[in-house]
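Mapping of the sequence shown onto the UniProt record's numbering: position 83 corresponds to residue 83, and the numbering continues sequentially without gaps.
Glycine included, C-beta positions come from ideal geometry on N, C-alpha and C.
Source: prediction; values computed, not measured.
Reviewing the structure listed below.
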Amino acid sequence: MTLPTQLVLRALLENPTREMYGLEICDAAGLASGTIHPILARFEGIGWLQSRFEDIDPSEEGRPRRRYYRLTADGAELAREALAKAHTKIGRLPVVRPGFADGAV
């Protein structure tokens, strides 16, 4: 699982029943819109997320409609499990120290 994917899941899991729109997720994850939207689309496709467009008149509000995302109950559980596994795998990586490549000291 990529680091950006983990950051998006962590942002959504901070309050798994809360709906968040794209820029809120960007801010919470510290990532750009172009990075998070493919991740959100992938999770929606596998059923971890559900989304909806807000019901506003964009011309009255002076901005585009926002798309809100929320983890499904199964998605929240699976996201927690996936993050736990990702953390375990990262913890098993060997420590790489600069300057010690090829056995040089």
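Using the rule of at least 16 other Cβ atoms within 10 Å of the residue's Cβ for burial, across every protein chain shown, is residue i buried or exposed?
| i | result |
| --- | --- |
| Ala29 | buried |
| Ile25 | buried |
| Thr2 | exposed |
| Leu93 | In this prediction, Leu93 has a pLDDT of 47, which is less than 50 and means its spatial position is unreliable; what the coordinates show is noted afterwards. With fewer than 16 Cβ atoms within 10 Å of its Cβ, Leu93 is classed as exposed. |
| Ala41 | exposed |
| Phe43 | buried |
| Ile56 | exposed |
So, under 8 angstroms CB-CB, residue i and residue j are touching, yes? Tell me the CB distance rounded to an integer number of Å.
| i | j | result |
| --- | --- | --- |
| Leu31 | Pro4 | 6 angstroms |
| Ile39 | Val8 | 5 angstroms |
| Pro16 | Leu78 | At roughly 11 angstroms, the Cβ-Cβ gap does not stay under 8 angstroms, so Pro16 and Leu78 are not in contact. |
| Leu13 | Arg80 | 7 angstroms |
Taking 8 angstroms as the cut-off, decide whether the C-beta atoms of residue i and residue j are in contact.
| i | j | result |
| --- | --- | --- |
| Ser51 | Arg66 | no |
Self-check item: Ranges of the alpha helix (DSSP H) found wholly within the UniProt domain "Transcription regulator PadR N-terminal" (18-78), counting only runs of at least 4
Solution: 22-29, 33-45 and 58-61
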